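First residue of the sequence shown: 2, per our numbering; consecutive thereafter. C-beta: ideal position from N, C-alpha, C; glycine also. It should be emphasised that the depicted structure is a prediction, and the values quoted were computed from it without experimental measurement. Notes follow the structure.
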Amino acid sequence: MEKVLIANRGEIAVRIIRACRELSIQSVAVYSEADAHSLPVHLADEAICIGPANARESYMNIPAIMSAALLSGAQAIHPGYGFLSENADFAEVCKDHGLTFIGPPPEVLRLFHDKAQTRTDMKRAGMPVIPGSDGPVRNVAEALRIAEAIGYPVMLKAKAGGGGRGMRKATSPSELQRLWPQAASEARASFGDDGIYVERCLEGVRHVEAQIAVDESGRGICLGERECSIQRRNQKMIEEAPSASISESLRQDIAKLAVDAAVRSGYRNVGTFEFLVDAQNKAYFIEVNSRIQVEHTVTEMTTGMDLVKEQIALASGELLSMSEEQIWVRGHAIECRINAEDAEANFAPSTGVLTSWLPPAGPGIRLDSHCFQGYEVPPYYDSLLAKVIAWGRDRHEAVARMQRALDEFTIVGVTTNIPAHKKILASDLFRSGQVTTHLIDTVGVDALAG
């Protein structure tokens with residue numbers, strides 16, 4: 002593999018370009034007109050414009066991306082996360098044109114793309130799942146019958162979903178009827194599929210996910226788990242590795258469940274199995290993310306494995322670089338997603354020019370970002386500006402380093418969620434590891450800090 006096209010933008014495009022450079026692989030960036038002056042365009046060996054700002058006409062435009070790949074002579078495409086990263090049709094088109102898709106094969110992407118079907122398949126295979134519908138429901142009347150049977154509150158979830166989109170919590174039949182068209186409409190707009198399934202909404206749960214990797218021989222490993230319970234509107238804010246809230250026996254159980262299911266399903270490359278853990282320390286499978294995760298960084302910091310390089314190696318047909326016995330989780334890592342948004346205004350997005358950009362540094366600090374002083378934050382895409390990652394010998398040191406890093410981080414020109422992160426990190430609930438997935442949405446950042 003001598004040349005890789007990165008079918009993405011922002012910080013993950015920068016991350017992949019850097020991995021390619023360290024592997025002596027040439028990189029090709031694709032960009033929209035809005036990203037013409039972005040950091041990936043500057044860093045890549047080549048850059049090709051693929052369309053206007055609208056993502057559907059650029060970063061999700063398969064013909065434009067394929068034309069760029071063939072024009073550049075790339076042998077492989079790395080999809081990053083979001084956009085086309087879990088699109089089986091895109092992976093199939095890559096295969097048809099003799100290009101390596103850096104991710105699972107098309108048939109596996111199709112298997113896990115339908116979250117409702119995945120849930121049903123995993124249940125049949127003995128994986129613990131949350132009570133709910135067997136597959137997507139046909140209409141609101143069927144959803145009401147299922148909700149009555151499993152009990153309120155329930156979650157309406159897009160079967161083709163991800164990233165917290167196409168999800169609604171209903172606490173009563175009338176609320177379910179009101180939210181049903183909203184969930185279906187958002188699912189259709191986000192994923193081109195308005196299929197919805199129903200699950201009981203578990204209260205007071207934590208979000209724990211297992212990072213797995215499987216090579217062409219079918220050998221799979223788990224590189225530990227991540228805690229992702231600090232969320233707003235079903236989207237993650239802070240992630241940690243390892244989880245500070247689960248028992249050692251549950252940690253081992255989740256790892257085994259994830260690896261066994263991945264190998265059994267024919268999974269290849271890197272992926273994540275996500276679970277909800279209740280107050281009784283029982284885990285329930287919720288979905289598979291068949292791509293690199295935003296929060297892959299904390300796993301890298303605690304295991305020493307470069308997951309993006311591993312993706313490229315596995316896609317090239319190489320075997321896993323580490324065995325299960327060689328994986329040693331060292332210390333503790335925390336990631337804070339720095340977004341251009343106002344936590345005081347219900348996390349409303351903020352756009353503008355970064356007139357000042359002074360990122361943190363020092364012992365144990367890593368920053369993954371595509372931003373720089375003078376960069377104009379566009380209104381068309383995700384609000385993520387940077388990921389601050391802090392590593393420490395233990396959780397206490399990692400938290401202290403993160404607090405220091407956030408104090409150092411100066412961003413002028415847009416409103417950010419840094420103040421919200423500071424309040425969360427200083428809270429007793431976070432320090433004690435007692436946070437749950439709906440805590441921020443239920444009590445708010447200020448109440449948590451108080």
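Close Cβ partners of residue i (< 6 Å) along its chain, the five nearest in sequence each way excluded
| i | result |
| --- | --- |
| Asp115 | Lys160 |
| Val436 | Ser230, Ile231, Leu430 |
| Tyr376 | Leu355 |
| Ser244 | Val209, Glu226, Glu228 |
| Lys124 | Val130 |
| Glu12 | Asp369, Ser370, His371 |
| Cys1 | Nothing can be reported for residue 1, as the shown portion of the chain is limited to 2 through 451. |
| Gly414 | Gly353, Val354, Leu355, Thr356 |
| Cys95 | Ile78, Phe102 |
Beta-carbon proximity check, residue i vs residue j, cutoff 8 Å
| i | j | result |
| --- | --- | --- |
| Lys388 | Gln404 | no |
| Met67 | Phe84 | no |
| Ala77 | Met168 | no |
| Arg233 | Ile26 | no |
| Pro379 | Thr352 | yes |
| Glu296 | Ile287 | no |
| Leu180 | Leu277 | no |
| Ser370 | Pro361 | no |
| Gly221 | Val271 | no |
| Lys293 | Ile419 | In the sequence under discussion, the amino acid at residue 293 is Ile, which differs from the Lys named in the question. Not a contact, by the Cβ cut-off of 8 Å. |
| Ile18 | Ala35 | no |
| Gly101 | Ala314 | Contrary to the premise, residue 101 reads as Thr rather than Gly in this sequence. No, Cβ-Cβ distance for Thr101 and Ala314 is not below 8 Å. |
| Cys337 | Leu449 | no |
| Lys126 | Arg265 | The residue asked about is misnamed: residue 126 is Ala in this sequence, not Lys. Yes. Within cutoff. |
| Leu426 | Val444 | no |
For residue i, the nearest candidate out of the options (CA to CA)
| i | options | result |
| --- | --- | --- |
| Ile49 | Ala69, Ala35, Pro41 | Ala69 |
| Leu224 | Pro106, Ser25, Leu251, Ala214 | Ala214 |
| Ala334 | Glu345, Glu311, Leu308, Arg367 | Arg367 |
| Ile173 | Gly165, Ile151, Gly99, Ala421 | The sequence shown places Ser at residue 173, rather than the Ile named in the question. The shortest C-alpha separation from Ser173 is found at Ile151. |
| Glu108 | His98, Pro53, Ala92 | Ala92 |
| Glu342 | Ala316, Glu326, Leu385 | Leu385 |
| Ala349 | Thr417, Ala401, Leu315, Leu321 | Thr417 |
| Thr300 | Glu240, Asn282, Tyr381 | Glu240 |
| Phe192 | Val199, Arg207, Gly163, Asn9 | Gly163 |
| Leu345 | Ala14, Ala421, Gly196, Arg16 | Looking at the sequence provided, one finds Glu at residue 345 rather than Leu. Among Ala14, Ala421, Gly196, Arg16, the Cα nearest to that of Glu345 is on Ala421. |
| Asn235 | Ala117, Arg265, Arg166, Ser175 | Arg166 |
| Gly219 | Leu24, Glu319, Ala148 | Glu319 |
| Glu325 | Gln253, Ala190, Gln178 | Gln253 |
| Gly434 | Lys96, Lys310, Ser248, Leu258 | Ser248 |
Nearest-angstrom Cβ-Cβ length linking residue i and residue j, presumed shorter than 8 Å
| i | j | result |
| --- | --- | --- |
| Arg485 | Ile131 | Summary: the structure shown does not reach residue 485, with the chain confined to residues 2 through 451, and so no result is reported for it. |
| Pro154 | Lys170 | 6 Å |
| Val42 | Leu6 | The Cβ separation is near 13 Å, so there is no contact. |
| Ile51 | Ser59 | 5 Å |
| Leu71 | Ala89 | With a Cβ gap of about 20 Å, Leu71 and Ala89 do not count as contacting. |
| Ala280 | Gly205 | 6 Å |
| Gly365 | Trp392 | 5 Å |
| Pro105 | Tyr268 | 6 Å |
| Thr273 | Ala211 | 7 Å |
| Asp216 | Leu321 | 5 Å |
Contacts around residue i, its chain only, beta-carbon distance under 7 Å, and the 5 residues preceding and following it disregarded
| i | result |
| --- | --- |
| Thr121 | Asp135, Gly136 |
| Phe113 | Thr119, Val289, Ser291 |
| Ala262 | Met123, Ala126, Met128, Phe274 |
Chain-order list of residues whose beta-carbon lies under 8 Å from that of residue i (same chain, five-residue window excluded)
| i | result |
| --- | --- |
| Arg331 | Thr303, Thr304, Gly305 |
| Asp194 | Ala159, Lys160, Ala161, Ala188 |
| Gln178 | Val141, Leu145 |
| Gln312 | His79, Ile103, Gly104, Asn270, Val271, Ile293 |
| Ala184 | Leu157, Lys158, Ala159, Gly167, Met168, Arg169, Ile197 |
Check: residue i C-beta below 7 Å from any heavy atom of the ligand NAP
| i | result |
| --- | --- |
| Phe431 | Only the bare structure without any ligand can be found here, which leaves the ligand NAP out of the picture. |
Please specify which runs of the beta strand (DSSP E), each continuous and at least 3 residues long, are wholly inside the stretch 250-326, giving them in chain order.
-> 270-278, 284-290
Which runs of the beta strand (DSSP E) fall wholly inside the stretch 124-173 and span at least 3 residues, in chain order?
-> 155-163, 166-171
Output the residue ranges of the beta strand (DSSP E) runs that lie fully inside the stretch 178-252 and measure 3 residues or longer, sorted by chain position.
-> 197-201, 207-215, 221-233, 236-242
Minimum length 3: unbroken beta strand (DSSP E) runs contained in the stretch 352-430 = 357-359, 366-370, 385-393, 411-413
Segments of 4+ residues assigned as alpha helix (DSSP H) that fall wholly inside the stretch 56-84 | 63-73
Could you give the uninterrupted runs of the alpha helix (DSSP H) lying entirely in the stretch 5-46, keeping only those of 4 residues or more?
-> 11-23, 40-44
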